[in-house]
Structures are given as C-alpha cells and as structure tokens.
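Participant:
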Amino acid sequence: PALEAREALEALAGRGPASLIEKSTSLAGLLLELAGVVPKGSGQEAAKDALRTGRALEKMKQIIEAQGGDPEVKPEDIPVGEYVAEIRAPADGYVTQVDNAGIVAVATLAGAPTEKGAGVLLHAKQGYKVKKGDVLMEIHAERESKLTEAYEAAIRLRPITVEGMLLRRVPEYL
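Okay, so the sequence shown: first residue is 26 according to the working numbering, each after it adds one.
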C-alpha cells in the first residue's frame, strides 16, 4: 500500500500520472453527480477543479489528521521497501501486453499486501514505445529474499511484453 499511497498523494498534488488523474476524476465525478452535488454531466470537471485548486489535497489532509496521521506528509515521507529491482526492456519496441495476473503474482512474491513497503511500480503501459534498457517496472520489497523471489518470477513470467511492432486490429465495418 505504500506505493499506492505515494501515488495518491502525488495525484492529489497534481503531479500524478495522467491516466490515474483521468480515471480518478471520472469516478469522483460520477459520485458527485449521483450524490446530487453537481448537475449530471459536470462531475468530472468539478473533480478536476478540486484538484487544480488544491481542495482535494486539503480534504485528504483533513482525513489524514482525523485518523491521527501527519497532515503534512509528503509522498517521499512514506517508506517503501528498501530492496528494489528493475525489470528493463529487452529490446527496442512497443509494450504490446501487460499481464495483470503476472504483475499481481510478482507483487505478492515481493510481500504485498502484507508487507506495506512491498509492491510493483509500473513505468510502461500497453502501447508505450520503449528502448532497450528502459525500466518497465520496479519491484519493491522489505526483505532481500522476497525481492529475489519476485525478481526471478518476473524474469520467468515476463508480465510486460515488448515487441518490435505494435499491431492493433481494426474492427470490420458493417
């Protein structure tokens, strides 16, 4: 959960991955609409506005404080596993597949979710163009033995596939 908490704080500060912000504001917008807080069709924009103005981050700080935490916590203050391994692109190409089950298996072997500092941080998504040696994912673990096991599984399972061409099917038109 530490990696997720870091990413959430980054997103609330407006520095998170665009895909996370898009998905989060879409879901938050639907909730705002369903709760009748904003008119139908304007929820996502209201959620994006809460991010832009800092209201979302301020609300998170209030929640953290109400639960006895430090409201001034920064993403880098959240400890993650000290043992880290990177899985790199074996060649130039495109990420053609991300096997979620494989990612979960690697994260579990690293110790997640039981060990809070363990997990997997993805650097590449399906469709990304990568060069040989680019980091595809990082594995974090709190114990060296767990990292070794997770790393070996990642090499064996290859949960992120890189190929020379990105091919997508074009649907047939009726």
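Here a beta-carbon is modelled for each residue, glycine too, at the ideal position from N, C-alpha and C. Since the structure is predicted, the reported quantities are computational estimates derived from the model, not experimental observations.
#1: Would you be able to state if there are at least three C-beta pairs under 8 Å between the segment 59 to 72 and the segment 89 to 108?
#2: Given LEU199, which residues of its chain have a CB within under 6 Å of its CB, disregarding the five upstream and five downstream residues?
#3: Go ahead and pull the three-state DSSP assignment for GLN92.
#4: Going by alpha carbons, who is nearest to ARG40 out of GLU177, PRO100, GLY61, ALA27?
#5: Which first and last residues belong to the beta strand (DSSP E) in which GLN122 is found?
#6: Does ILE180 pass the burial test, meaning 16 or more other C-beta atoms within 10 Å, or should it be called exposed?
#7: When we look at the beta-carbon of ALA43 and count the other beta-carbons within 10 Å, is it buried (16 or more) or exposed?
#8: With 9 Å set as the bound, which would you pick, yes or no: does the beta-carbon of PRO64 sit closer than that to a beta-carbon of chain C?
#9: Around the C-beta of ALA91, are 16 or more other C-beta atoms found within 10 angstroms, so that it is buried, or is it exposed?
#10: Would you kindly work out how many angstroms separate the C-alpha atoms of THR186 and LEU134, rounded to a whole number?
#11: Could you say which of MET162, ALA38, ARG80 lies nearest to ALA114 if we only look at CA atoms?
#12: Kindly indicate which three-state DSSP category MET190 falls into: helix, strand or coil?
#13: Going by DSSP, which residues form a beta bridge with VAL160?
#14: When burial is assigned at 16 or more other CB atoms within 10 Å of the CB, is GLY144 buried or exposed?
Facilitator: In short, the structure shows the following:
#1: no
#2: Within the sequence shown, the letter at position 174 stands for residue 199. In this prediction, LEU199 has a pLDDT of 49, which is less than 50 and means its spatial position is unreliable; nothing more can be read from the coordinates.
#3: Counting from 1 along the sequence shown, the entry for residue 92 is found at position 67. When DSSP states are grouped into helix, strand and coil, GLN92 belongs to the coil group.
#4: Taking the first residue of the sequence shown as 1, we reach residue 40 at position 15. Ranking the options by Cα distance to ARG40, first place goes to PRO100.
#5: As a working mapping, residue 122 is identified with position 97 in the sequence shown. Residues 118 to 123.
#6: Taking the first residue of the sequence shown as position 1, residue 180 is located at position 155. Counting Cβ neighbours within 10 Å, ILE180 comes out exposed, since fewer than 16 surround it.
#7: The residue given as residue 43 occupies position 18 in the sequence shown. Exposed, because fewer than 16 other Cβ atoms sit within 10 Å of the Cβ of ALA43.
#8: Annotation note: the requested chain C is absent from the structure, which comprises a single protein chain.
#9: As a working note, residue 91 is residue 66 in the sequence shown. ALA91 should be labelled exposed.
#10: Numbered from its first residue, the sequence shown carries residue 186 at position 161. Numbered from its first residue, the sequence shown carries residue 134 at position 109. Looking at the two C-alpha atoms, the distance is approximately 20 Å.
#11: If you number the sequence shown from 1, residue 114 lands on position 89. Out of MET162, ALA38, ARG80, MET162 has the C-alpha closest to the C-alpha of ALA114.
#12: For the purposes of this step, residue 190 is identified with residue 165 of the sequence shown, where counting begins at 1. Coil.
#13: Translated into the one-based positions of the sequence shown, residue 160 becomes position 135. Note: VAL160 sits in a beta bridge opposite ARG113.
#14: Here residue 144 is taken as the residue at index 119 of the sequence shown, counted from 1. Its Cβ being crowded by 16 or more others within 10 Å, GLY144 is buried.
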